[in-house]
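Novice: Structure in structure tokens, see below.
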Amino acid sequence: MPPSLAALGRGLLELAFPARCPACGRPAHGGGLCAACLAQVEPTVEPSLEPIDSLSFAVAKHAGPAAQCVRAFKYRRDWAAGRALALLLCERAPAEMLGWAEIICPVPLHRLRLLGRGFNQAAWLARRLDQGQGRLRARLLLRLRHTRPQARLNGQERLANVSGAFAVNPRLAAQVDGRRVLLIDDVQTTGATLHECTMALLAAGAVQVRALTVSRAMGEIHDNP
1 MPPSLAALGR
11 GLLELAFPAR
21 CPACGRPAHG
31 GGLCAACLAQ
41 VEPTVEPSLE
51 PIDSLSFAVA
61 KHAGPAAQCV
71 RAFKYRRDWA
81 AGRALALLLC
91 ERAPAEMLGW
101 AEIICPVPLH
111 RLRLLGRGFN
121 QAAWLARRLD
131 QGQGRLRARL
141 LLRLRHTRPQ
151 ARLNGQERLA
161 NVSGAFAVNP
171 RLAAQVDGRR
181 VLLIDDVQTT
191 GATLHECTMA
201 LLAAGAVQVR
211 ALTVSRAMGE
221 IHDNP
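Numbering (UniProt numbering), first residue to last: 1 to 225.
Written as structure tokens, this is what we have:
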């Protein structure tokens with residue numbers, strides 16, 4: 001089928017059977033949130049320089065439909081919610097940050113948590129952000145030990161929990177040396193995980209590390225292991 005006819009066919013199907021908003025269930029064209037829920041997604045005001053060592057940016061506050069989609073995607077494998085988050089990330093991430101990155105690296109899960117969850121939500125989002133440009137290094141970082149879920153810990157406990165928990169894959173270390181790395185995760189809370197990943201990448205020779213997340217919690221949250 002010619003591309004134009006294929007696109008027409010998809011358009012007709014969407015009109016007849018519109019996609020549903022993963023947050024509220026109302027019709028939503030384009031595979032993301034409906035207009036009403038999108039209007040409730042609060043942008044973060046400015047990049048945060050602390051508590052991680054390099055610039056970080058979240059495209060939304062961890063509240064409302066954004067937080068709802070994060071939970072649905074991470075814990076219930078709601079792929080519609082995942083697509084909505086990927087759209088938010090791609091459309092609202094600073095163009096300068098995306099252009100700056102030479103390597104896109106997701107925060108890794110430990111193999112035991114990966115087995116339990118079935119997928120790494122950060123890697124899934126990073127793959128869609130890269131859009132086949134060849135910058136994605138999904139296995140660049142390793143999680144060395146199975147840490148406790150961060151959601152159950154306070155700020156100081158989170159820092160201690162992930163201290164020294166990450167390292168660059170020795171087989172891929174040469175790819176980091178002298179490069180600019182963009183870390184990807186779904187949620188930033190205290191920044192403890194991003195801090196440890198940043199330290200591991202800088203120790204392996206990265207010249208600069210920045211972090212991009214879908215959402216940032218303005219206070220303590222209970223859904224970010």
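A virtual CB, placed ideally from N, CA and C, is assigned to each residue, including glycine.
In chain order, which alpha helix (DSSP H) runs of at least 4 residues are fully inside the segment 78-119?
Specialist: If we require 4 residues or more, the alpha helix (DSSP H) runs fully inside the segment 78-119 come out as 79-92, 95-100 and 111-117.
Novice: Answer yes if the segment 199-214 comes into contact with the segment 157-174, meaning at least three C-beta pairs across the two stretches below 8 Å, and no otherwise.
Specialist: With a cut-off of 8 Å, the segment 199-214 and the segment 157-174 count as touching, because enough Cβ pairs lie within range.
Novice: Of all the options Val209, Leu87, Ala66 and Ala95, which has the alpha carbon lying nearest to the alpha carbon of Ala217?
Specialist: Considering only alpha carbons, the answer is Ala66.
Novice: Roughly how many angstroms lie between the CA atoms of Thr147 and Gly30, to the nearest whole one?
Specialist: C-alpha separation (whole angstroms): 37 Å.
Novice: Just how far apart, CA to CA, sit Val209 and Cys21?
Specialist: The straight-line gap from Cα to Cα measures roughly 34 Å.
Novice: Pull up the distance between the alpha-carbon of Ala60 and that of Pro43, whole angstroms please.
Specialist: Each residue's Cα considered, the two are about 4 Å apart.
Novice: Fully enclosed by the UniProt domain "Phosphoribosyltransferase" (165-215), which beta strand (DSSP E) runs are 3 residues long or longer?
Specialist: As far as the UniProt domain "Phosphoribosyltransferase" (165-215) is concerned, its whole beta strand (DSSP E) runs of at least 3 residues are 166-168 and 180-188.
Novice: Taking C-alpha atoms, which residue in Trp79, Ala86 and Arg143 lies nearest to Arg113?
Specialist: Measuring from the Cα of Arg113, the nearest candidate turns out to be Arg143.
Novice: If you reduce the DSSP assignment to three classes, tell me which class Pro27 lands in.
Specialist: Strand.
Novice: Of all the options Gly116, Arg145 and Leu159, which has the alpha carbon lying nearest to the alpha carbon of Glu196?
Specialist: Of the listed residues, the one whose Cα sits closest to Glu196 is Leu159.
Novice: Trp79: which of Ala63, Ala93, Gly64 and Arg128 sits nearest, CA to CA?
Specialist: Nearest of Ala63, Ala93, Gly64 and Arg128 to Trp79, Cα basis: Arg128.
Novice: Would you mind listing the alpha helix (DSSP H) stretches within the segment 134-163 that are 4+ residues and don't spill past its ends, in chain order?
Specialist: 155-162, all fully within the segment 134-163.
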